[in-house]
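Trainee: Before I ask anything, let me first share the structure, which is written out below as structure tokens.
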Ligand SMILES: Cc1cc2nc3c(=O)[nH]c(=O)nc-3n(C[C@H](O)[C@H](O)[C@H](O)COP(=O)(O)O)c2cc1C
């Protein structure tokens, strides 16, 4: 005989559904005959009876409630608690996505200046998928590593070339996607390191400008901040912005890893009066940017548009894109050669990139992942001779030194990360960026939630994070014997056979 | 989100409920003879009168604090349901009892309307109703 305790939920639900009205009736009789105080019970049970009747007979949307009534509600409650329970209790340290606990913890530790040394061994899977760095038999010591310097725009010999001295750029996040305090924390922190912050496609970068950091102004497909009524580029507005002391570079966003082929999206919950004004959009409606720039219809027009922005802004101008088909990228590069006109850098955003809001299918299924995309781009640029004409920036989950060094080996000149910096200012990966309910006050405009962010304190963490990443990069460079990231190459990588990079490797 | 028009209706209902409930509090707390008489008939004098008075006071306060309106409406409608039960079983509807009974029904109606309009703010239902419809509209 089985001694297992089992509950027949169907029976229990039927019992509950009968018990509620019966109890209501009993209490009523009690209140009538014994003491009026019984009605303190009658009334709630009457309420439950009504609610349950509505669930069982009235509403038509939820089968479970129609069949089981109020007990079925328990399922919805439990399901709504599921993500938190799993995150806190049941998920292993290397299990969660997009970032597992080990990865997040590393960022938190860096941001708080806590030593991230680990003990006993790695928790990673060493078998078939993990790419490794090939160190040298003869590592060098730190004095021999050159300070990082990357001059954007030097290839064109322009007057306003910008020298990046911190290889970790805060990737585009608009005011809108992030709240003002988060923006200001990031801006103040990166200013302390002398690094660069991208404004994201949020229109006039009011809060980015407040903290005196170097900025790359992003032009999204809706051209917030620099648009005409019809969505085309407003040159005087762009020239004005570009003339600002802090705006060092301009990034033209063609596409973004989390939603390539789809414009940016800002849910109406997050559109305040101020954001509506800065972007020039109405309130009370989701704002969805167009899928592409109306000026970029084909290869020649896209390249011409990049040059036009270079001419108007007089600044280094880059493009950001997620690669879908490397052959198209090759075609774009050969058009650049034909016109002898190159952007000053290209940001390759991997399909694994983050976003404030995007359709699930796009987040999950569209675009090439960073590593193979970056490698393809690097190969195409090298083969066509265009590589010396521009810089390459990589983004897509590059939040920790281990993954960043791989991107450098694949050809990146600098790293951009959005979520790495979000984690550094306290993001807990609650995954609510689109609903204005961010519990740590980063992706919300709700004053009560933003209250959690003390700008001065968070700025310090941003700076700590950057310094710690620089420190680790330096140590990794020493181990390979390379004096700067420019000396790294694909040969510095060990690529196992189940990696997405395996097709690119010389199998020997 | 609840539309502004419904929000206005809800506020009107809340105010009516608060005004009616609020003015009876005075009689309850000062032990006015009519009130004492009522609660004596219900066998609840004096504790019941004070407990119910206190609960009504709480309901009134909750009904005007924006973040707790639905809870105030829930409490208010429960109390009024109790009052109506009182009229049905013990107090009857003669004379000024009719007036009191009608007041209870009015407050109950106001509270229930408020709950209906703000049902998305209810904690249990929130779980079910929180999803946002697409721009194509929620299919019925
Ligand atoms: C909240 C949030 C907002 C973002 N907003 C923008 C944006 O306005 N423009 C843009 O090009 N990318 C935007 N991104 C994408 C990031 O800039 C970046 O390309 C992507 O997240 C990959 O980097 P990561 O994996 O280090 O986060 C956003 C990402 C997040 C998480």
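Residue numbers (our numbering), protein chains in the order written: chain A, 5 to 512; chain B, 5 to 144.
Backbone N, C-alpha and C define an ideal beta-carbon position, used for all residues, glycine too.
#1: Using 8 Å as the cut-off, classify the Cβ of residue 447 of chain A as near or not near the heavy atoms of ligand 1, replying yes or no.
#2: Does ligand 1 have even one heavy atom less than 8 Å from the beta-carbon of residue 413 of chain A?
#3: Can you tell me whether residue 370 of chain A is buried or exposed? The criterion is at least 16 other CB atoms within 10 Å of its CB, across all chains shown.
#4: At a cut-off of 8 Å, would you count residue 403 of chain A as near ligand 1, judging by its Cβ distance to the nearest heavy atom?
#5: Just the chain A side, please: which residues come within less than 8 Å of residue 72 of chain B by C-beta, in chain order?
#6: Note down the Cα distance separating residue 396 of chain A from residue 98 of chain A, rounded to an integer number of angstroms.
#7: To the nearest angstrom, how far is it from the Cα of residue 437 of chain A to the Cα of residue 402 of chain A?
#8: How about residue 48 of chain A: is its C-beta nearer than 9 Å to some C-beta of chain B?
#9: I want to check one thing, is the minimum distance from the CB of residue 177 of chain A to the heavy atoms of ligand 1 below 8 Å?
#10: Run the proximity test for residue 439 of chain A: is its beta-carbon closer than 8 Å to any non-hydrogen atom belonging to ligand 1?
#11: If I follow the unbroken beta strand (DSSP E) through residue 73 of chain B, where does it start and stop?
#12: Along chain B, in chain order, which residues have C-beta atoms closer than 8 Å to that of residue 35 of chain A?
#13: Tell me whether residue 349 of chain A sits in a helix, a strand or coil according to DSSP, three-state version.
#14: Can you tell me which of the three DSSP states residue 40 of chain A falls into?
#15: On a Cα-Cα basis, can you pick out the residue from A:388, A:259, A:141 and A:450 that is closest to residue 326 of chain A?
#16: Looking at the C-beta of residue 360 of chain A, does it have a partner C-beta in chain B at a distance below 9 Å?
#17: By DSSP, does residue 92 of chain A sit in helix, in strand, or in coil?
#18: Is there a C-beta anywhere in chain A that falls below 9 Å from the one on residue 12 of chain B?
#19: If I measure Cβ to Cβ from residue 77 of chain A and keep anything under 8 Å in the same chain, skipping five residues before and after, which residues do I get?
#20: Hey, quick one: how far does the alpha helix (DSSP H) through residue 18 of chain B stretch, first residue to last?
#21: Cutting at 6 Å between CB atoms, please list the residues of its own chain near residue 179 of chain A, excluding the five before and the five after it.
#22: Is any heavy atom in ligand 1 found nearer than 8 Å to the beta carbon of residue 421 of chain A?
#23: Does the separation of the CB atoms of residue 17 of chain A and residue 72 of chain A fall below 9 Å?
#24: Please list the segments of the beta strand (DSSP E) lying wholly inside the region 260-332 of chain A, counting only runs of 3 or more residues, in order along the chain.
#25: Could you tell me whether any Cβ in chain A is nearer than 9 Å to the Cβ of residue 54 of chain B?
#26: Output the distance between the C-alpha atoms of residue 503 of chain A and residue 415 of chain A, rounded to the nearest integer angstrom.
#27: For ligand 1, I want to know if residue 281 of chain A counts as a neighbour, meaning its beta carbon is within less than 8 Å of at least one of the ligand's heavy atoms.
#28: Nearest-angstrom Cα distance between residue 435 of chain A and residue 85 of chain A?
#29: So, is residue 21 of chain A buried or exposed, given that buried needs 16 or more other C-beta atoms within 10 angstroms?
#30: Below 7 Å on C-beta distance, what does residue 85 of chain B contact in chain A?
#31: How about residue 102 of chain A and residue 356 of chain A: do their beta carbons lie closer than 9 Å?
#32: Mind listing which residues of the region 15-39 of chain A have their C-beta closer than 9 Å to chain B's C-betas, in chain order?
#33: Can you tell me whether residue 469 of chain A is buried or exposed, with buried defined as 16 or more other CB within 10 angstroms of its CB?
#34: So which residues on chain B does residue 43 of chain A lean against when the C-beta distance must stay under 8 Å?
#35: DSSP on residue 251 of chain A, reduced to helix/strand/coil?
#36: Throw me the rounded Cβ distance for the residue 94 of chain B and residue 45 of chain B pair, which I believe falls under 8 Å.
Mentor: Walking through what the data contain:
#1: Residue 447 of chain A: yes, Cβ under 8 Å from ligand 1.
#2: Judged by the Cβ position, residue 413 of chain A fails to qualify as a neighbour of ligand 1 at the 8 Å threshold, every heavy atom of the ligand being at least this far.
#3: Classification of residue 370 of chain A: buried, given that the 10 Å Cβ count is 16 or more.
#4: Residue 403 of chain A: yes, Cβ under 8 Å from ligand 1.
#5: In chain A, no part has a C-beta under 8 Å from the C-beta of residue 72 of chain B; the shortest such distance is about 15 Å.
#6: So the two alpha carbons sit approximately 30 Å from each other.
#7: Take the alpha-carbon of residue 437 of chain A and the one of residue 402 of chain A: they are about 19 Å apart.
#8: Yes, residue 48 of chain A lies at the interface with chain B (some Cβ there is under 9 Å from its Cβ).
#9: Within the cutoff, so yes.
#10: Because no heavy atom of ligand 1 lies under 8 Å away, the Cβ of residue 439 of chain A does not count as near it: no.
#11: Note, residue 73 of chain B: premise wrong, no beta strand (DSSP E); alpha helix (DSSP H) at 73-90.
#12: Neighbours of residue 35 of chain A on chain B, chain order: 89 and 93.
#13: When secondary structure is reduced to three states using DSSP, residue 349 of chain A falls in the strand class.
#14: Taken through DSSP and simplified to helix, strand or coil, residue 40 of chain A comes out as helix.
#15: When only C-alpha atoms are compared, the closest one is A:259.
#16: Answer no: the Cβ-Cβ gap between residue 360 of chain A and chain B never drops below 9 Å.
#17: Note: residue 92 of chain A maps to helix in three-state DSSP.
#18: Using beta-carbon distances, residue 12 of chain B does not count as an interface residue toward chain A, since no partner is under 9 Å.
#19: Result list for residue 77 of chain A: 59 and 69, in chain order.
#20: Under the DSSP assignment, residue 18 of chain B falls in the alpha helix (DSSP H) whose first and last residues are 8-33.
#21: So the list reads 187, 206 and 211, once near-sequence residues are dropped.
#22: Yes, the Cβ of residue 421 of chain A comes within 8 Å of a heavy atom of ligand 1.
#23: Less than 9 Å divides the Cβ of residue 17 of chain A from the Cβ of residue 72 of chain A.
#24: Within the region 260-332 of chain A, the complete beta strand (DSSP E) runs of at least 3 residues are 321-325.
#25: Taking CB atoms only, residue 54 of chain B has no neighbour in chain A less than 9 Å away.
#26: Straight-line measurement puts the Cα of residue 415 of chain A at about 18 Å from the Cα of residue 503 of chain A.
#27: Result no, Cβ not under 8 Å from ligand 1.
#28: Looking at the backbone, the Cα of residue 435 of chain A and that of residue 85 of chain A are separated by about 14 Å.
#29: A buried status is given to residue 21 of chain A, since no fewer than 16 other beta-carbon atoms sit within 10 Å of its beta-carbon.
#30: Listed along chain A, the residues sitting closer than 7 Å to residue 85 of chain B by beta-carbon distance are 47 and 50.
#31: Taking 9 Å as the Cβ cut-off, residue 102 of chain A and residue 356 of chain A qualify as a contacting pair.
#32: Close to chain B, meaning a Cβ-Cβ distance shorter than 9 Å, are the following residues of the region 15-39 of chain A: 32, 35, 36 and 39.
#33: With 16 or more Cβ atoms within 10 Å of its Cβ, residue 469 of chain A is classed as buried.
#34: By Cβ distance, chain B contributes 86, 89 and 90.
#35: Reduced to three states, the DSSP call for residue 251 of chain A is strand.
#36: Rounded to whole angstroms, the Cβ separation of residue 94 of chain B and residue 45 of chain B is 6 Å, and the two are in contact under 8 Å.
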